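Quick notes on the structure that follows.
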Amino acid sequence: MKILLRLAARSAWNRRFTLGLMLVAIALSTTMLLGIERVRHEVRAGFSQSVSGTDLVVGARTSPIQLMLYAIFRIGGATNNMGWDSAQALARNPAVAWTIPISLGDSHRGFPVLATNGDYFTHFRYGSNQPLRLAQGHPMAGVFDAVLGADVADKLHYRLGDIIILSHGMGGMSLTQHADKPFRVVGILARTGTPVDRTVHIGLDGMQAIHLDWEGGAPLPGVHIPAEFVKKFNLTPTSITAVLVGLKSRARVFALQREIADGQGYKEPLMAVLPGVALDQLWDVVGIGENALLVVSGMVVVVGLAGLVAAILASLGERRRELAILRSVGARPLDVLLLLCIEGLGVMLAGVASGLLLLSLLVWTLGPLLAEQFGIALQPAWPAAGELQLLLWTILAGLVASLLPALRAYRLSLSDGLTPRI
Amino acid sequence: MNSSPPAAIDLRDLQFTWPSQPHPALSLSSLRIGAGEHVFISGPSGSGKSTLLAAIGGIILPQRGSVEVLGQPLHAMPSRQRDRFRVDHLGFIFQQFNLLPYLSILDNVLLPCQFSAYRKQRALQQGASLTAAAQALLAALDLAPALWQRPVTQLSIGQQQRVAAARALIGRPEIIVADEPTSALDSDRQQGFLDLLQQECAQSGAALVFVSHDLRLAERFDRRVALEQINEAARAGEAA
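Protein chains in written order, with the working numbering: chain A, 17 to 438; chain B, 35 to 274.
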C-alpha cells in the first residue's frame with residue numbers, strides 16, 4: 017500500500033499540468049458550492065437577526081408574513097393601520113413590559129421613514145440581543161428631528177445638522193413632497209446589518225405634523241399650516257402601523273396572542289405575530305429559490321467531476337505501458353485499480369482543500385465589500401456542519417467518479433497482459 | 035524429482051484464445067526450457083510471442099493445458115498467487131519504454147523489491163544494501179555512476195534497456211524474459227547489450243527466454259525455438 021501511495025504521488029506529479037487543471041476546476045466548483053451555501057446561510061441569519069427580543073408584532077389584521085415584511089423589513093405594501101388607543105391599551109396590559117409604536121408610509125429618496133418614539137432607542141434589539149447605538153448625535157427631541165440609519169447617512173452623505181425633506185408614500189415616481197416641513201438630522205445610528213440601516217427615523221409627532229393639512233393621502237386644497245404653527249395642534253397620532261411588544265415573561269406570549277386575536281378590550285380586530293414563526297413561514301417561501309441555487313452549484317460540481325473523469329480516462333491510453341510495467345513487477349490488477357483510485361481521490365481532496373482556501377481568501381478580501389453593498393456579513397470561518405456534509409458528499413462523488421477510469425484500467429490491465437496492443 | 039532440478043518452464047498441450055477472438059492465438063503441444071538455459075525464441079509478428087510470454091508470466095490463463103514454471107503449476111494458481119509468483123521468480127525486459135519516467139534510475143531498478151519480499155531478501159544477499167545491490171548491477175551492465183542520478187528520460191534507449199535489464203536481474207529471479215529488448219537498438223549496441231545480458235544471467239544462474247525476430251542474434255544461444263513452427267495456431271492462421 018505504501019508503495020502504491022508513493023507511485024501514485026510520483027506518477028501524478030509527472031502529469032501535474034493536466035491534473036493541476038483538473039484540481040483548479042474542482043477547486044472552483046467547490047468554492048462556488050460552499051460560497052453559495054455560506055451566502056445562503058448568512059442571508060438567512062441576517063434575516064432572522066433583523067429583530068430580536070421582540071415577543072410579538074401587533075397590527076391590524078392582515079397576513080402575518082405581510083405584517084412582518086412591512087413592519088420589520090419595510091418590504092411590500094402598507095397594511096391597514098391600527099388605532100392609537102389600541103396601542104395604548106396594549107401598553108397598559110399587565111403582561112407587557114414595553115411597546116414600540118411604529119408608523120410607516122413615507123420615504124426619503126427611496127429610504128423608508130419610520131415614525132416612532134424614544135422607546136425605540138431604549139427597547140429595540142437586533143442580532144443577538146444587541147441594542148441600537150448612536151454613532152453620532154442624539155435621539156429625536158424636537159418635532160422635526162430625524163435620526164438616520166447608517167446606510168442612509170453613508171449613501172446620501174448626510175451629516176448632523178443637514179436638512180432633509182420627506183416624500184409622501186413609498187417609492188414611485190411622482191411623489192408629493194413634504195417640502196414645507198423639512199427635518200433636521202440630529203443623530204446617526206451605528207451600523208447594524210439590518211433594515212434599520214436603511215431607515216430614516218422621525219418622531220410620531222413629526223409624522224402627525226407633516227400630515228396635519230392632509231386628508232386621505234393628499235394635501236387639502238387651500239389649507240396650509242406652516243411648520244412654525246404645528247405645535248399649536250394636538251400632535252398625538254390617531255393611528256399607527258404596528259406595535260412591537262416585549263413581554264415581562266415570554267411564557268405569556270401565546271396567551272397574549274390569543275387575547276389579542278380574540279379582540280378582548282380592543283375596539284378593532286387586531287393580530288399578533290410571533291416574529292420567529294413568521295420568519296420561518298417567510299423562509300419556506302424563499303427556500304424554493306434557495307434550493308434552486310444549491311442545485312445549480314451541485315451541477316457545477318458534477319461538471320467538474322466529469323472533467324476529472326475525462327482527464328484520467330484520456331491519460332489511460334498513454335499509461336497502459338506504465339501499468340503493464342507495474343504488472344510485470346508484481347502489481348496485481350487490484351493494485352492498478354487502487355492506484356487510479358488514489359489518484360482520483362488525491363486530486364479530489366486537494367481540489368476541495370484548495371477550494372476552501374480560495375473561499376476563505378475571497379471572503380477575506382471581498383467580505384467587507386459584500387457587507388457594504390448587500391448587507392451580507394461573511395466571516396472567514398471553518399466550514400460549518402452543513403458545509404462539511406456538502407464537502408463530504410463532493411469527495412464521495414469524486415471517489416465514485418474516479419472509480420470509473422480505475423475500473424477501465426483494471427480491465428485493460430487484465431486484457432493487455434504485458435504488451436499493450438495500442 | 036529431487037535428483038534433477040525442475041525445468042524452468044514446462045508447457046504442455048497449451049491453448050489460449052484472447053477474449054472476443056474467434057481463433058486461438060497460441061496452441062502448442064510442448065515447450066520445455068531447462069534451468070539456466072538460454073533459449074532464443076524466434077517468430078514473425080502474429081506468431082503468438084506476446085501470448086506465449088503472457089502465459090509464462092501467468093498474466094493469462096490458458097483455456098487448456100498446463101503451464102509449469104519452476105515446477106509450480108501456474109494454471110492452477112489463483113491470480114493473486116500468480117502475481118506474487120511472477121515478481122518473485124521472473125524478470126521482464128520489454129522492447130522499449132521499460133522504465134517509469136517519474137522514478138529515478140535506482141527506484142526503477144528496485145521496483146521488484148517493492149512488490150516482492152523474496153526478491154528484496156535475495157537482493158540483500160547481492161549487496162550490503164538494496165541500493166548497493168542495484169548499483170552493483172548497474173555498474174556490471176556498464177552504466178557509469180555519473181548516470182545514476184539522471185532522470186530516466188535523459189538516458190539513451192540503450193542505457194534505458196540496460197536499466198531495464200538491471201531491474202529484471204535484481205534479486206536474482208530464476209527466469210529472465212526478454213521481449214525484443216534489442217530491436218530499438220542499432221546493431222553494434224545489440225551485440226553489446228546481449229553480451230552483458232547473457233553474462234549477468236549466467237552469473238545469477240537464471241534461465242533466459244529471449245524473444246526476437248532478428249535471427250542474427252540466435253547463434254549465441256543454447257537453443258533456438260521457432261515459434262511459428264511449434265505454434266499450431268500460427269500455422270492455421272497463416273493458412274487461413
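Each residue gets a CB set at the ideal place from its N, CA and C atoms; glycine is no exception.
On a predicted model such as this, the values are computed, not experimentally measured, just so you know.
Interface flag, residue i vs chain B, CB-CB below 9 Å
i	result
Leu361(A)	no
Arg424(A)	no
Ala366(A)	no
Ala330(A)	no
Ile304(A)	no
Asn307(A)	no
Leu353(A)	no
Pro396(A)	no
Ile341(A)	yes
Leu23(A)	yes
Ala347(A)	yes
Ile19(A)	yes
Phe33(A)	no
Arg26(A)	yes
Arg54(A)	no
Glu338(A)	yes
Residue i burial status per 10 Å Cβ neighbour count (16 or more: buried)
i	result
Val239(A)	exposed
Asn36(B)	Its pLDDT being 48, under 50, Asn36(B) is placed unreliably by the model, and the measurement read from it follows with that caveat. By the 10 Å Cβ count, Asn36(B) comes out exposed.
Asp229(B)	exposed
Phe244(B)	buried
Asn97(A)	buried
Glu253(B)	exposed
Glu244(A)	exposed
Gly158(A)	exposed
Ala76(A)	buried
Asp213(B)	buried
Glu272(B)	Here Glu272(B) scores only 49 on pLDDT, less than 50, and its place in the model is too uncertain to base an answer on.
Ile179(A)	exposed
His154(A)	exposed
Pro237(A)	exposed
Gly80(B)	exposed
Span of the alpha helix (DSSP H) around residue i
i	result
Phe227(B)	Ser221 to Ser238
Gly222(A)	Leu220 to Ile226
Ala461(A)	Outside the displayed span of chain A (17 to 438) sits residue 461(A), for which this structure offers no information.
Glu338(A)	Pro291 to Ser344
Asp278(A)	Val269 to Asp278
Any C-beta of chain A under 9 Å from that of residue i
i	result
Ser150(B)	yes
Met35(B)	Confidence in Met35(B) is poor, its pLDDT being 44 and thus under 50, which makes the residue's placement unreliable; the coordinate value appears in the next sentence. So, not an interface residue.
Pro135(B)	yes
Gly80(B)	no
Arg201(B)	yes
Ser113(B)	yes
Glu272(B)	Only weak support exists for where Glu272(B) lies, its pLDDT of 49 falling under 50; the value from the coordinates is given anyway. Chain A contact via Cβ: absent.
Asp122(B)	yes
Asn132(B)	yes
Arg118(B)	yes
Gly70(B)	no
Ile93(B)	yes
Trp52(B)	yes
Boundaries of the beta strand (DSSP E) in which residue i is found, first to last residue
i	result
Pro128(A)	Phe127 to Thr132
Gln104(A)	Note, Gln104(A): premise wrong, no beta strand (DSSP E); alpha helix (DSSP H) at Trp100 to Arg108.
Ala151(A)	Leu150 to Gly153
Val103(B)	Arg98 to Val103
Leu65(B)	Leu60 to Ile67
Beta-carbon proximity check, residue i vs residue j, cutoff 9 Å
i	j	result
Ala130(A)	Ile218(A)	It is worth fixing the name first, because residue 130(A) is Leu in this sequence and not Ala. The answer is yes: Cβ separation under 9 Å.
Leu332(A)	Ala425(A)	yes
Phe227(B)	Arg250(B)	no
Leu137(B)	Leu145(B)	yes
Gly323(A)	Ser418(A)	no
Pro96(B)	Phe126(B)	no
Gly371(A)	Leu172(A)	no
Asp122(A)	Gly185(A)	yes
Ala151(A)	Ile204(A)	yes
Residues sharing a beta bridge with residue i, DSSP
i	result
Trp443(A)	With chain A covering 17 to 438 only, the question about residue 443(A) has no answer from this structure.
His497(A)	Here chain A covers residues 17 to 438 and nothing more, so residue 497(A) does not appear.
Ile75(B)	Val245(B) and Val259(B)
Ser418(A)	Its beta-bridge partners do not exist; DSSP assigns none.
Val211(B)	Phe126(B) and Val243(B)
Phe50(B)	Leu60(B)
Ile180(A)	Phe199(A)
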